[in-house]
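Asks:
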Amino acid sequence: MQMMKKKLKRALAASFPTALSSVGRAEYVPILCYHSVNARDNDECVPLSPEMFEAHLAHLATNYNIVSFRDVVDHFRLGSPLPKKAVALTFDDGYRDNFEVVLPLLGKYKCHATIFLVTGFIDGQVDLIGDPGWEAMTWEQAIAMDQSPFVEIAAHTDTHPILSSLDEDMVRTEILVCRDKLEKKLERIVDLFAYPNGQGADIPPFAPRLLQDAGFIGACTTFWRTTHLPKQRYLLNRIMIKQDDNDKVLELKLRGKYDYLYFLHKATALRKFIWNGPGLWR
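FYI, the working numbering numbers position 117 of the sequence shown as 667, with every residue one higher than the one before it.
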């Protein structure tokens with residue numbers, strides 16, 4: 551069944567238009583979303599082998615200009631220019647292999663990534679996967695990564711809840727507790743954020759306002775698109791990277807050939823809205 555789904559997705563991708571440039575008001579800047587980079591397998595997470603990740607970096611370093619997520623936010627916030635074929639790398643949650651595997655490879659290829667941490671996961675208070683092989687990085691590792699020239703640590707809530715299932719005060723608490731823990735440990739301002747799960751039905755309409763009130767300057771979703779609307783820097787889109795995405799599939803995703811999934815996810819969110827109540831879709 552999984553293989554059939556993959557073949558169907560790739561067949562649909564082959565027929566979807568390429569998005570190598572801005573379309574209308576939407577600007578083309580792919581933001582890739584990774585999680586763990588290891589050789590283990592678990593259906594609840596999105597692992598990628600170290601060899602495959604290095605192949606991605608080699609492809610990106612040769613064919614694209616890797617910028618930081620902050621560069622993308624500043625582009626939409628301040629009008630700062632981006633190079634042609636700019637791509638940003640992000641990681642969610644804060645797995646130990648991000649320190650042990652990802653950081654050395656980023657250094658090897660002189661690439662930058664933003665890692666969004668679930669602070670309760672780092673504290674040992676939250677088990678995201680239910681598999682002891684999927685360990686969180688330590689605070690010492692997070693600090694070391696943040697002090698390197700290749701990584702910026704950012705916020706991903708304290709306990710990784712589906713924010714649309716919480717009331718406004720609870721969402722505010724998740725944001726502020728995460729921010730405050732990070733700022734205390736890193737000894738600097740933390741102002742970038744990624745929504746847990748990050749689909750339209752998972753993000754309450756008031757979440758961008760709460761982030762802005764808390765001093766954040768930008769945030770990313772998992773709305774699957776390679777393009778962004780200029781005034782939506784608290785709802786920037788990302789492309790999910792899967793376990794078996796070789797460099798050819800990666801290139802298709804970078805070209806926007808998988809952007810059709812945005813519309814499928816939007817339809818799913820509409821169904822959830824009908825049954826469960828409002829989330830957030832543009």
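Built from N, CA and C at the ideal position, the CB exists for glycine as well.
How is the beta strand (DSSP E) around Y808 delimited, first residue to last?
Replies: Residue numbering aside, residue 808 sits at position 258 when the sequence shown is read from its first letter. Careful: Y808 lies outside any beta strand (DSSP E) and carries neither H nor E.
Asks: Comparing C-alpha positions only, which one of Y659, L713, D647 and D809 sits nearest to T776?
Replies: Within the sequence shown, the letter at position 226 stands for residue 776. Measuring from the Cα of T776, the nearest candidate turns out to be D809.
Asks: To which residues of the same chain is D642 closer than 7 Å at the C-beta, ignoring the five residues directly before and after it?
Replies: By one-based count along the sequence shown, residue 642 stands at place 92. Contacts found: C583, H585, F666, H706 and A744.
Asks: Reducing DSSP to helix, strand and coil, say where V623 ends up.
Replies: Reading the sequence shown from its first residue, position 73 is the one you call residue 623. Helix, per DSSP.
Asks: At which residue ranges does the stretch 693-744 contain complete alpha helix (DSSP H) runs of 4 or more residues, listed in the order of the chain?
Replies: 718-736
Asks: Beta-carbon within less than 7 Å of I703's beta-carbon, same chain only, minus the 5 sequence neighbours each way: which residues are those?
Replies: The residue labelled residue 703 in the question sits at position 153 within the sequence shown. Within the same chain, I703 has close Cβ partners I665, L667, A692, M695, D696, L732 and L736.
Asks: Got a sec? Which residues, its chain only, sit under 8 Å from A611 by beta carbon, not counting five neighbours each side?
Replies: What you label residue 611 is simply residue 61 of the sequence shown in a count that begins at 1. Cβ within range, chain order: Y659, K660 and C661.
Asks: Figure out for me which residue from D797, N588 and K798 has the closest Cα to the Cα of W684.
Replies: Indexing the sequence shown from 1 puts residue 684 at position 134. Looking at the Cα atoms, N588 is the closest of the given residues.
Asks: Under 8 Å by Cβ, that's how I've got T771 and L786 pegged, so tell me the actual separation to the nearest angstrom.
Replies: Position 221 of the sequence shown holds residue 771. Position 236 of the sequence shown holds residue 786. With 8 Å as the limit, T771 and L786 qualify as a contact, their Cβ atoms being about 7 Å apart.
Asks: May I have the straight-line CA-CA distance separating I712 from G644, to the nearest angstrom?
Replies: As a working mapping, residue 712 is identified with position 162 in the sequence shown. As a working mapping, residue 644 is identified with position 94 in the sequence shown. Taking the straight line from one Cα to the other gives about 18 Å.
Asks: Taking only three categories from DSSP, how would you classify Y614?
Replies: Counting from one through the sequence shown, the residue named residue 614 turns up at place 64. Coil.
Asks: Span of the alpha helix (DSSP H) holding L800?
Replies: For this step, residue 800 is matched to residue 250 along the sequence shown. Start and end: D797 to L804.
Asks: Rounded to the nearest angstrom, how far is the Cβ of S618 from that of A605, given a contact under 8 Å?
Replies: Within the sequence shown, residue 618 is the residue found at index 68, counting from 1. Within the sequence shown, residue 605 is the residue found at index 55, counting from 1. That pair is no contact at about 22 Å.
Asks: Measuring alpha carbon to alpha carbon, tell me which of P600, I616 and L607 ends up nearest V495.
Replies: Residue 495 lies beyond the residue range present for the chain, which begins at 551 and ends at 832; the question has no answer from this structure.
Asks: For K635 and P754, I'd like the C-alpha separation in whole angstroms.
Replies: As a working mapping, residue 635 is identified with position 85 in the sequence shown. As a working mapping, residue 754 is identified with position 204 in the sequence shown. Cα to Cα, the separation comes out at about 32 Å.
Asks: Tell me whether R832 sits in a helix, a strand or coil according to DSSP, three-state version.
Replies: Numbered from 1 along the sequence shown, position 282 holds the residue referred to as residue 832. Bear in mind that the predicted position of R832 carries a pLDDT of just 43, short of 50, making it unreliable; the figure below should be weighed with that in mind. Coil.
Asks: With respect to the beta strand (DSSP E) encompassing G768, which residues constitute its N-terminal and C-terminal limits?
Replies: The residue you call residue 768 lines up with position 218 of the sequence shown. Taken as a continuous stretch (DSSP letters only), the beta strand (DSSP E) holding G768 covers G768 to C770.
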